[in-house]
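K.L.:
All you need for my numbering is the position in the sequence shown, starting with 1, plus 721. What follows is a single structure, and I will ask about it in a moment.
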Amino acid sequence: MITEEQFQKEVDLIIANAIREDVGDGDHSSLSCIPEAASGKAKLLVKDDGIIAGIDFAKQVFAYVDSKMEIEILIADGAPVKYGDIAFYVTGSSQSILKAERLVLNAMQRMSAIATKTKSFVELLEGTNTKILDTRKTTPGLRALEKWAVKIGGGENHRFALYDMIMLKDNHIDFAGGITKAIDKTKSYLKETGRDLKIIVEARSLEEIKEILKSDGVYRILIDNFNYADTRTAVELIGDKCLTESSGGINEKTIRKYAECGVDYISSGALTHSVYNMDLSLKAV
């Protein structure tokens, strides 16, 4: 994953771009009927059950819009919530509250849904040594928030993007002329460019697992779309030579069985691409 500083820059870009997109040259609905000096208070009302996420992000949005706004947090990121809970109060300029409202809600509703789904996967893995990972199957422009939500839900982040880890998948391997050639070319590239990036290699069969193991320097093997029996065999073949990751259509019904095969990680795009937003509202008090 990228550094905390890089991650924060991504969050800052999301906030600046979202406000630009939503506010433009002004919130004319508020400007037309609410006095500039008017102050108010609003509450973040939870209208669903799950795991709340995006509280800290909301703080950053309010501070970006108006540094004078004050926030009283009642429920922290990662806490379970139920219908009727109040997550926080925000006090300050009425115009500023309304300017920030939609970004806060859009982000928190999606982040909370992702955190809730991630938490359910984490609970299914309890008692095993397997950890749940996200993927790059995120909403364009919102990756930092969605990966943040996975962490809040108790999951772990895979690589952030194409630049912070090498991942040799089926197309890379085929275009490069095979597994060994792809790995050798990758190691030469890293040496020539002075980059220190971990290498993950995808395997489509047990034979490919064996070929990958002939090369040094592989950080993790992605055991893709294997059945349970072959996954167990793959884990035995790999041993402690490198880490293991299962992927490929793994869901709530199958995740436990794959974990029991002994893999270190299970990655799931569903954490971020298949969620229904948690129902939240920002209501004037």
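Cβ atoms here follow ideal geometry from the backbone N, Cα and C, with glycine treated the same way.
Starting from ALA980, follow its DSSP beta bridges and name the residues at the other end.
P.N.:
Position 259 of the sequence shown, counted from the first residue, corresponds to residue 980. Per DSSP, none; premise fails for ALA980.
K.L.:
From the DSSP secondary-structure annotation, give me the bridge partner or partners of VAL922.
P.N.:
Working through the sequence shown from its first residue, we reach residue 922 at position 201. Partner(s): LEU889 and ILE942.
K.L.:
Here's the rule: buried if 16 or more other CB atoms are within 10 angstroms of the residue's CB, otherwise exposed. What is PHE896?
P.N.:
Position 175 of the sequence shown, counted from the first residue, corresponds to residue 896. Looking at its Cβ environment, which holds fewer than 16 other Cβ atoms inside 10 Å, PHE896 is exposed.
K.L.:
Let me know if VAL811 comes out buried or exposed under the rule of 16 or more other beta-carbons within 10 Å of its beta-carbon.
P.N.:
Counted from its first residue, the sequence shown places residue 811 at position 90. Result: buried.
K.L.:
Can you tell me which of the three DSSP states GLU966 falls into?
P.N.:
By 1-based counting over the sequence shown, the position of residue 966 is 245. The answer is strand: DSSP assigns GLU966 an E or B state.
K.L.:
In whole angstroms, what is the alpha-carbon distance linking SER833 and PRO801?
P.N.:
Position 112 of the sequence shown, counted from the first residue, corresponds to residue 833. Position 80 of the sequence shown, counted from the first residue, corresponds to residue 801. Whole-angstrom Cα-Cα distance: 10 Å.
K.L.:
Please confirm whether LEU824 and VAL782 have their CB atoms less than 7 Å apart.
P.N.:
Residue numbering aside, residue 824 sits at position 103 when the sequence shown is read from its first letter. Residue numbering aside, residue 782 sits at position 61 when the sequence shown is read from its first letter. Result yes, Cβ atoms of LEU824 and VAL782 sit closer than 7 Å.
K.L.:
What is the DSSP secondary structure of ILE755, counted as helix, strand or coil?
P.N.:
Walking along the sequence shown from the start, residue 755 turns up at place 34. Note: ILE755 maps to coil in three-state DSSP.
K.L.:
Can you give me the start and stop residues for the alpha helix (DSSP H) that TYR910 sits inside?
P.N.:
As a position in the sequence shown, residue 910 is number 189, starting the count at 1. Taken as a continuous stretch (DSSP letters only), the alpha helix (DSSP H) holding TYR910 covers 900–914.
K.L.:
Assuming ASP777 and GLY813 make a contact with CB atoms under 8 Å, what is their CB distance in whole Å?
P.N.:
For the purposes of this step, residue 777 is identified with residue 56 of the sequence shown, where counting begins at 1. For the purposes of this step, residue 813 is identified with residue 92 of the sequence shown, where counting begins at 1. That pair is no contact at about 18 Å.
K.L.:
May I have the straight-line CA-CA distance separating GLY799 from LEU883, to the nearest angstrom?
P.N.:
Taking the sequence shown and counting its residues from 1, one reaches residue 799 at position 78. Taking the sequence shown and counting its residues from 1, one reaches residue 883 at position 162. Cα to Cα, the separation comes out at about 28 Å.
K.L.:
Would you mind reading off the limits of the alpha helix (DSSP H) that contains ILE736?
P.N.:
In the sequence shown, residue 736 corresponds to position 15, counting from 1. 725–744 is the extent of the alpha helix (DSSP H) around ILE736.
K.L.:
If you pair each beta-carbon of the region 789–797 with each one of the region 729–746, do three or more pairs fall below 8 Å?
P.N.:
No: the two stretches stay apart, fewer than three of their Cβ pairs being nearer than 8 Å.
K.L.:
According to DSSP, which residues form a beta bridge with TYR986?
P.N.:
Counting from 1 along the sequence shown, the entry for residue 986 is found at position 265. Answer is LYS852 and GLU966.
K.L.:
Do LEU964 and GLU822 have their beta-carbon atoms positioned less than 7 Å apart in this structure?
P.N.:
Within the sequence shown, residue 822 is the residue found at index 101, counting from 1. Within the sequence shown, residue 964 is the residue found at index 243, counting from 1. No, these two residues do not count as a Cβ contact at 7 Å.
K.L.:
If I measure Cβ to Cβ from THR973 and keep anything under 8 Å in the same chain, skipping five residues before and after, which residues do I get?
P.N.:
Sequence index remark: in the sequence shown, residue 973 carries index 252 (1-based). Reading off the sequence shown, one finds Glu at residue 973, where the question assumed Thr. Once the five neighbours on either side are set aside, the close Cβ partners of GLU973 are SER841, PHE842 and LEU845.
K.L.:
Examine the ligand ADP and report whether any of its heavy atoms sits within less than 6 Å of the Cβ of GLU973.
P.N.:
This structure lacks the ligand ADP, and indeed carries no ligand of any kind.
K.L.:
If you scan the region 823–875 from start to end, which runs of the alpha helix (DSSP H) of 4 or more residues do you find wholly inside it?
P.N.:
Taking only runs of at least 4 residues, the alpha helix (DSSP H) segments lying wholly in the region 823–875 are 864–873.
K.L.:
Please state whether the Cβ-Cβ distance between THR907 and ILE887 is less than 7 Å.
P.N.:
Taking the first residue of the sequence shown as position 1, residue 907 is located at position 186. Taking the first residue of the sequence shown as position 1, residue 887 is located at position 166. Their beta carbons are under 7 Å apart, which means THR907 touches ILE887 by this criterion.
K.L.:
Around the C-beta of THR860, are 16 or more other C-beta atoms found within 10 angstroms, so that it is buried, or is it exposed?
P.N.:
If you number the sequence shown from 1, residue 860 lands on position 139. So THR860 counts as exposed.
K.L.:
Cβ of ALA836 within 7 Å of Cβ of ILE772?
P.N.:
As a working note, residue 836 is residue 115 in the sequence shown. As a working note, residue 772 is residue 51 in the sequence shown. The answer is yes: Cβ separation under 7 Å.
K.L.:
Looking only at its chain, what residues have a beta carbon closer than 6 Å to the beta carbon of ILE930, apart from the 5 residues adjacent to it on each side?
P.N.:
Stepping through the sequence shown from its first residue, residue 930 is reached at position 209. Result list for ILE930: ALA924, ALA955 and LEU958, in chain order.
K.L.:
Quick one: what does DSSP say PHE809 is sitting in, helix, strand or coil?
P.N.:
For the purposes of this step, residue 809 is taken as the residue at position 88 of the sequence shown. PHE809 falls in the strand class under three-state DSSP.
K.L.:
So which of THR851, ILE755, LYS789 and GLU867 has the shortest CA-CA distance to GLY990?
P.N.:
The sequence position of residue 990 within the sequence shown is 269, counting from 1. Of THR851, ILE755, LYS789 and GLU867, the residue nearest in Cα terms is GLU867.
K.L.:
Measure how close the beta-carbons of TYR949 and ILE920 come, nearest whole angstrom, since I'm counting them as under 8 Å.
P.N.:
By 1-based counting over the sequence shown, the position of residue 949 is 228. By 1-based counting over the sequence shown, the position of residue 920 is 199. At roughly 26 Å, the Cβ-Cβ gap does not stay under 8 Å, so TYR949 and ILE920 are not in contact.
K.L.:
For LEU889, is the classification buried or exposed, using 16 other Cβ atoms within 10 angstroms of its Cβ as the cut-off for buried?
P.N.:
The residue labelled residue 889 in the question sits at position 168 within the sequence shown. It counts as buried.
K.L.:
Taking a contact to mean a Cβ-Cβ separation below 7 Å, would you say THR849 touches ALA980 in this structure?
P.N.:
As a first step, residue 849 must be located in the sequence shown, where it is residue number 128. As a first step, residue 980 must be located in the sequence shown, where it is residue number 259. Contact: yes.
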